[in-house]
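Remarks on the structure that follows.
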């Protein structure tokens, strides 16, 4: 795996590489709350946050959106499908738990292969995730109880680790590896950078002491039922972590 170094003052340069090709979303501070918005000024991007107030789920699944348009005359109804589903989206600075929620939602919207919600699935297909590990998980986080991890790279295209003054950059998916190649101005990571990222990941996982009892243990259900239950919680609350965080309040 090719590993590179991104300086923190180079985030604007990274944004410039993709702003014309993608609708570029990232976390910003909006009246004291972290939310994911389409970026116009890269100086607005905030990466040293814990959890966002509004999850990035809303980028692909907003509270309100147009499903189709129609015109009506005296005899006929003409329906027009959405024409913007091929737009490419990049979500920068997403946490592993939120990236996993996108997979749960995709499973929900495909009804385990029985039917497909093409609007959500098409948007997800055209979305690139550049994620970042959680160096300091919140005291209310419990991702390790549901198969997650504060440095889970599985659902990412590109993964960043905050090393202090710089970020370690790793291409995870084939799409992500191509993106890293495009950023030819990134410097190569040293062995000490990789070692530090591994130490940070270990410390973050060990810091999570909260946990929950999985649904299938409580009710004697199957793993599949648990996955569907998690998917429903994701849809209703913007992700289990976001739901609990909203109840307990942001620290």
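Numbering (my numbering), first residue to last: 3 to 253. No residue lacks a Cβ here, since even glycine has one placed at the ideal position from N, Cα and C.
Cut-off 8 Å between Cβ atoms - residues of its own chain near residue i, not counting five sequence neighbours on either side
i           : result
residue 40  : 25, 26 and 27
residue 123 : 108, 111 and 112
residue 255 : The structure shown has nothing for residue 255, since the chain only spans 3 to 253.
Beta-carbon spacing of residue i, residue j below 9 Å
i           : j           : result
residue 84  : residue 106 : no
residue 134 : residue 164 : yes
residue 145 : residue 137 : no
residue 38  : residue 64  : no
residue 156 : residue 4   : no
residue 158 : residue 132 : yes
Own chain partners of residue i with C-beta closer than 6 Å, once the 5 adjacent residues on each side are dropped
i           : result
residue 73  : 80
residue 14  : 44
residue 189 : 7
residue 36  : 29, 51, 54 and 55
residue 31  : 48
residue 22  : none
residue 154 : 98
residue 94  : 28 and 132
residue 197 : none
Distance between residue j and residue i (C-alpha atoms, nearest Å)
i           : j           : result
residue 12  : residue 19  : 11 Å
residue 67  : residue 142 : 32 Å
residue 230 : residue 77  : Any reading at residue 230 needs caution, since the residue's pLDDT is 47, under 50, leaving its predicted position unreliable; the model's value is listed next. One C-alpha to the other measures close to 43 Å.
residue 33  : residue 75  : 46 Å
residue 170 : residue 214 : 31 Å
residue 174 : residue 71  : 38 Å
residue 162 : residue 187 : 16 Å
residue 199 : residue 167 : 13 Å
residue 62  : residue 82  : 20 Å
residue 118 : residue 192 : 44 Å
residue 179 : residue 16  : 15 Å
residue 102 : residue 116 : 21 Å
Close-in-space but distant-in-sequence residues of the same chain around residue i (CB under 7 Å, 5 per side omitted)
i           : result
residue 139 : 152, 206, 209 and 210
residue 126 : 62, 104 and 108
Cβ-based burial, residue i [other Cβ within 10 Å; buried from 16]
i           : result
residue 46  : exposed
residue 195 : buried
residue 130 : buried
residue 204 : exposed
Within-9 Å CB hit, residue i to chain B
i          : result
residue 86 : In summary, chain B is missing from the structure at hand, where a single protein chain is found.
Entirely within the region 73-151 and at least 3 residues each: give me those beta strand (DSSP E) ranges in chain order.
79-83, 91-96 and 129-134
Return the chain-ordered ranges of every beta strand (DSSP E) run that is complete within the region 160-201 and spans a minimum of 3 residues.
160-164 and 168-173
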